[in-house]
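As structure tokens, the structure follows; a few thoughts come after it.
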Amino acid sequence: MIVKLVNSPDFRDMMQAHLKDMIAFLLDEGLAFGLLCNIEHVDFDPPLPSELYEQLPSVTLFMIAGYTFESFELSERKIYFEAGFGPQNFGSVVSMPILAVLQVIVEETPLLINMALPQETEEIQKEKPGEKSSMEAFLSNPENRKFIKKS
């Protein structure tokens with residue numbers, strides 16, 4: 098019963114809306130926060146060197162503070178932020194579906210726990226063949242970030 102519930106489109110949509118609202122609230126309030134994420138759904142641009150990527154646990158905590166907070170972008174279904182990794186502070190734009198976030202954490206306390214799973218890529222393609230979010234296309238060019246209005 099629970100597996101059917103958490104995999105239902107309605108439950109997934111509800112959790113995505115809750116996550117998006119919580120993240121937007123924290124951004125609006127200017128509060129640093131953590132995102133505990135399933136790394137298999139996370140993309141890095143440019144890709145992390147293998148020695149850095151292999152050190153990331155399957156469930157990784159990203160702290161959204163400082164420059165990472167300032168660079169944070171929230172679209173309809175995805176989140177984006179810039180972060181530095183490793184001792185050399187290797188810079189990369191991190192992106193993931195909102196539903197890849199397992200927990201939203203403030204001051205070591207989970208504020209929101211997500212039980213829904215991101216849709217598999219082929220499921221999304223079946224629903225919207227050939228479509229690409231205009232925001233994702235726009236944000237894929239780093240030069241376009243300067244046009245995003247910061248609240």
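Residue 163 in my numbering sits at position 66 of the sequence shown, and the numbers go up by one each step.
We treat Cβ as the ideally placed atom computed from N, Cα and C, and that holds for glycine.
Cβ atoms of GLN200 and LEU133: under 7 Å apart, would you say?
yes
If you follow the alpha helix (DSSP H) that VAL198 is in, where does it begin and where does it stop?
Counting along the chain, VAL198 falls outside any alpha helix (DSSP H), though it belongs to the beta strand (DSSP E) covering 198-203.
GLU162 to ARG174 span [Cα, whole Å]
For the record, residue 162 in the displayed sequence is Ala; it is not Glu. Looking at the two C-alpha atoms, the distance is approximately 21 Å.
Span of the alpha helix (DSSP H), counted from its first residue to its last, around VAL100
99-103
Would a check of beta-carbon distances place VAL100 closer than 7 Å to chain B?
In the structure shown, chain B does not exist; there is a single protein chain.
Pick from LEU214, GLU204 and GLU151: whose alpha carbon is nearest that of GLY183?
GLU151
Tell me whether LEU153 sits in a helix, a strand or coil according to DSSP, three-state version.
coil
What residue range is occupied by the uninterrupted alpha helix (DSSP H) comprising GLY163?
163-167
Express the C-alpha separation of MET98 and ALA197 in angstroms, rounding to a whole number.
22 Å
Spell out the partners DSSP gives SER192 in its beta bridges.
ASP140 and TYR177
Can we count GLY181 as close to the ligand NAD, meaning its CB is less than 6 Å from some heavy atom?
Here there are no bound small molecules, and the ligand NAD is not part of this structure.
Three or more C-beta pairs below 8 Å linking the region 120-129 and the region 179-194:
no
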